[in-house]
Amino acid sequence: MKREGVANSIKSSLLAGEVFKKFFWDAYDNLGRLISVNILWFIMTLPLILIFAFRLRLSRGFFLVLFFPFAIVSILAAVSVFYITFLVAEGKKIEIIREFFAGMKRFLYKGILLGILSLLFFIAGVFDLQFYASLKTSVILSAILVGIGIWLVLMGILIQNYLFPLLVQKDLSVSEILQNTIYLVLDNPNFTFLIFLQALILFFVLGISLCGIPVLFISLPALLYNEALRILLIRKYGMEGEILEEKRGWKEFWFPWKQ
Numbered sequence: 116m117k118r119e120g121v122a123n124s125i126k127s128s129l130l131a132g133e134v135f136k137k138f139f140w141d142a143y144d145n146l147g148r149l150i151s152v153n154i155l156w157f158i159m160t161l162p163l164i165l166i167f168a169f170r171l172r173l174s175r176g177f178f179l180v181l182f183f184p185f186a187i188v189s190i191l192a193a194v195s196v197f198y199i200t201f202l203v204a205e206g207k208k209i210e211i212i213r214e215f216f217a218g219m220k221r222f223l224y225k226g227i228l229l230g231i232l233s234l235l236f237f238i239a240g241v242f243d244l245q246f247y248a249s250l251k252t253s254v255i256l257s258a259i260l261v262g263i264g265i266w267l268v269l270m271g272i273l274i275q276n277y278l279f280p281l282l283v284q285k286d287l288s289v290s291e292i293l294q295n296t297i298y299l300v301l302d303n304p305n306f307t308f309l310i311f312l313q314a315l316i317l318f319f320v321l322g323i324s325l326c327g328i329p330v331l332f333i334s335l336p337a338l339l340y341n342e343a344l345r346i347l348l349i350r351k352y353g354m355e356g357e358i359l360e361e362k363r364g365w366k367e368f369w370f371p372w373k374q
């Protein structure tokens, strides 16, 4: 069992390394497109950011009236970013503005529903943690209930690896997307966690820089998640698809015109 576990860890690490390499060069080759689509996302998400920034000055009722439509627009904008970065991962030539709004229209209902379900799943875990941690009961029962809350929060985070990539890459129903997402997380825990760590680093670096938020905050992680799902489905599950491999190094990075 130990040898099998080590072997699986090595395979997961190699696969995650392949994902990062493909992601790096695709991001390098399409940096302008990634910046453009991220700016579109930021513009459409800005109203949601602003109502949170000024929520203390707004009445609770007015805040909720503004929150839900702005949140839906933000979710659709994020889904559209995943759609465009999937096209980038496949090496397709795209018109950013046209495809951005086409993506919002194409995934309108499924995108909204998956976004809301994902948010509710995460919120349920957080409230579960807060409630059971403060509950005056036996230590063992409290630990079990808190553990369930931690598991829900962790699953709510890790399913983001596959949720929207499955939406834009495969023609599946909402229930099929949810089932396959949970299956992929449970069937590939090491790989999923490694991809999550890579995305977390991207979010952290871009987030603390502030200027990275309107420029690449969601487009880079979205590209990473799309690359991860494509490569996982092709390499492990034998699904149809082509991974364009190029042997490039630091010379090509610093002197791209010499390729």
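With the numbering used here, the residue at position 117 of the sequence shown is 232, and numbering never jumps. The beta-carbon is built from N, C-alpha and C at its ideal position, and this holds for glycine as well.
Could you give the C-beta distance for ASN341 and PHE139, rounded to a whole number, given that I count them as a contact under 8 Å?
At roughly 14 Å, the Cβ-Cβ gap does not stay under 8 Å, so ASN341 and PHE139 are not in contact.
Residue from SER288, VAL134 and VAL121 with nearest C-alpha to LEU348
VAL134
Integer-rounded CB distance, given that PRO329 should sit under 8 Å from ILE154
6 Å
Whole-angstrom C-beta distance between VAL196 and SER334, which should lie under 8 Å
6 Å
Kindly confirm or deny that the segment 280-294 and the segment 312-327 touch, where touching means at least three C-beta pairs closer than 8 Å.
no
Consult DSSP for PHE318 and reduce its assignment to one of helix, strand or coil.
helix
Return the chain-ordered list of same chain residues with a C-beta closer than 8 Å to the C-beta of LEU287, the five sequence neighbours on each side being excluded.
LEU281 and ASN295
Which of helix, strand or coil DSSP assigns to ASP286:
coil
Assuming LYS220 is part of the alpha helix (DSSP H), what are its boundary residues?
211-221
When you compare the CB positions of VAL289 and LEU344, do they come within less than 8 Å of one another, or not?
no
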